Structures are given as C-alpha cells and as structure tokens.
Amino acid sequence: LRRPTRDGLLLGLTASVLVAFSLLTTMHERYSYGAVIFLAAAMSGRVRAVAWAVLAVVATANVIAAGPPSTVPGSLIPLGGIAGIAGSVAVLLTAAAVAELLRRVAGTTRAPVNEWSGAP
C-alpha cells in the first residue's frame, strides 16, 4: 500500500484469486484462469515461469475433468482419485509459492520516510 509496484499488484491479484479458488466454496473450475492471466503478466524469472506453467496445466486439466468433451458419459480426466488429489495439491503449492513471491517483492520495497520525523 505504501509503495505499490507492478509486480506487487500482479502477484497480489494472483495470490488472492488462488486463495479464493482454493479455499472458498461454490468455486467453479473457470475461476482459476484469472490467476493464470495475472501470473503470466508478472512472469519474470524461472520460479514465476514454473509456477505459471504448473498453474496453466492444472487449470486446463481441471476444466477438462469437470466438463465431458463429448456426449459419452464421463470425462477424459477423472475428478476423484489420484488425479484430483494431485491437482488440488498442485494448486495449493502454487498458491503458497505465489504468496512467498509476493512476500519477497513486498520486502524489497522500502516504506516511505516520514518527512517530518525522518522515521518510516
């Protein structure tokens, strides 16, 4: 809030979308795509690129699993079982990684100095 940056805004938006998607009820699969877009805009460096790639694959697989692609009952990716657990863990780990990236970005900016007292 004191010294907003582009990276801080984009990582904050990504983190808020991922936390809401992961922990709130009545979330649909399509709601995770906001995090994919915001993280793509904030991509600079290997860690962010890996987080984006994992999130893009998991979000796409989640949408494929939720909606059958044809008239045949079922889906290409089963919702339950190991695939569902792996997808959930991947989203939660990505949310934690983005939150850590946000913490680091916020820690690199200094608070503005109060011009009257010289204290932050």
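Counting with the numbering used here, you get residues 2 to 121 for the letters of the sequence shown. The beta carbon of each residue, even a glycine, is placed where N, CA and C say it ideally should be. As the structure is a computational prediction, the values presented were derived from the model and not from experiment.
- Please classify Ile-38: does DSSP put it in a helix, a strand, or coil? helix
- Task: Answer with buried or exposed for Gly-46, where buried requires no fewer than 16 other C-beta atoms within 10 angstroms of its C-beta.
- Result: exposed
- Provide the residue span of the alpha helix (DSSP H) that contains Gly-68, from first to last. Segment: none, Gly-68 is in no alpha helix (DSSP H) and carries neither H nor E.
- Message: Check this for me: beta carbons of Gly-88 and Asn-63, under 8 Å apart or not?
- Response: yes
- Closest by CA to Val-37, which one among Ala-21, Ala-54 and Val-48? Ala-54
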